[in-house]
Each structure stands twice: as C-alpha cells, then as structure tokens.
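I have placed the structure first, in the form of structure tokens, so that the comments after it can refer back to it.
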Amino acid sequence: MKLSEFIKKYGDCEITEEMEKCIKKKGKWMPEIGETYWYIDSSGSVQGISWKNTNVDNYRRDFMRIFKTHKEIVRYLAIIRACKEASFEPDWKNDKQYKWFFEWIDNDRELNISYSFLCNNGCQFYFKSGKIMEELINKFGEKDIVKYLFNIEIN
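Here the sequence shown stands for residues 44 to 198, where the numbers follow my numbering.
Below, the structure written as structure tokens:
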C-alpha cells in the first residue's frame, strides 16, 4: 500500500518512533550516533570507527564507501580486487579490440555483460572477454556484483 492510499483509507496520523523503525529509508545508509561503521583508509586498510556525525564521518559517507559490517567491507574488497586483477587497460584507438564491461540497466533492474569498441563508458573496469565476467559472476554472485560495483541492492 502506498502512503497516499494509507492516508486516504485511515486519515492522516502521527508517525511514532516504532513506525519510523519499520519504514525503509531510501538512499545511503546512515549510521546512528555511536554505531560502528567500516571504511577503507588512504593506505587501503580496513578501519572500523564509531559514527559521531562529524564532518569527517559525513565526508566518508558522501564521497567514499562506508559499510555496516566488517564482513561487507571484506566482501567488497574481494570483489574489487578480483575485478582489478581480471581487468585490463583498453586501447581506445583500437576499434577492433573488444572492451567488455558490467552495465546496470535500471529500468529492467538487470545486470548486463556489454562491450564497446570505441566508446569509453567511464566504467571502473574493462575486461578482455565476457567469459571473464561470467566467471566473476559465478564466483561472487550477481547480487553481490551489483551491490558492490553499482551500490544497488537487488532481491
């Protein structure tokens, strides 16, 4: 049921704290004050720190990636490292070279394995073949590839 349907059926009402906990907030996750979050520091090390809502905390959240759990950040690093190891630096002047990449199609809510010859799509990783990408999907699962490369949760 949409909120507008709820209001039409039951009328306007006050949102309680209990109701707020049940509402899934869209957008980036926001830690509660005192809650531990995880990030990768400038040396590439995983750090866990308590959220204090400081400028530094908010900078990490807005311009870097922060994670709810140590397990999530370790998984993220494993996927990023595997993609980096499997990727290559394309020659954009070579119009015969396949440049394979992961593409998220938001309207269809699906992950595609795509390629280009000349157009640099600004992707983080390019691969020499679609087979390499299928191996990454088989190893990590499509759900985690989408979650950690595109920062999108899928069911």
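A virtual CB, placed ideally from N, CA and C, is assigned to each residue, including glycine.
Computed from a predicted model, the values in this text were never measured in an experiment.
Touch test, the segment 102-120 against the segment 75-93, Cβ-Cβ under 8 Å, three pairs minimum: The segment 102-120 vs the segment 75-93: in contact.
Backbone secondary structure at Glu153 - three-state DSSP: strand
Span of the beta strand (DSSP E) around Lys142: Residues Lys142 to Ile148.
N-terminal and C-terminal residue of the alpha helix (DSSP H) that Ile195 is part of: First-last for Ile195: undefined, no H or E at that position.
Residue environment, Leu161, which counts as buried when at least 16 other CB atoms sit within 10 Å: exposed
Counted within 10 angstroms of its Cβ, other Cβ atoms place Lys142 as buried (16 or more) or exposed: Counting the other CB atoms within 10 Å of its CB gives Lys142 a total of 16 or more, which places it among the buried residues.
Beta-bridge pairing of Ile9 - partner residues as DSSP gives them: The chain is shown from 44 up to 198; residue 9 falls before or after that span and cannot be answered.
Proximal residues to Met73 (C-beta, below 8 Å), its chain only, five neighbours per side dropped: Arg104
Sequence-distant residues of the same chain with beta carbon closer than 7 Å to Asp187, five excluded per side: Arg118 and Ile122
Nearest to Asn96 (by Cα), restricted to the options Thr112, Gln90, Glu78 and Val189: Glu78
From Glu75, Phe144 and Thr112, residue whose alpha carbon lies closest to that of Ile175: Comparing Cα-Cα distances from Ile175 to each of Glu75, Phe144 and Thr112, the minimum goes to Phe144.
Neighbourhood of Pro133 by C-beta distance below 8 Å, restricted to the same chain and skipping five residues each side: Gln140, Lys142, Asn163 and Tyr169
Rounded separation between Ser130 and Phe193 - CA only: 17 Å
Phe183 in three-state terms, based on DSSP: helix
Chain-order list of residues whose beta-carbon lies under 6 Å from that of Ser159 (same chain, five-residue window excluded): Lys142
Separation of Lys182 from Ile109, as counted between CA atoms: 23 Å
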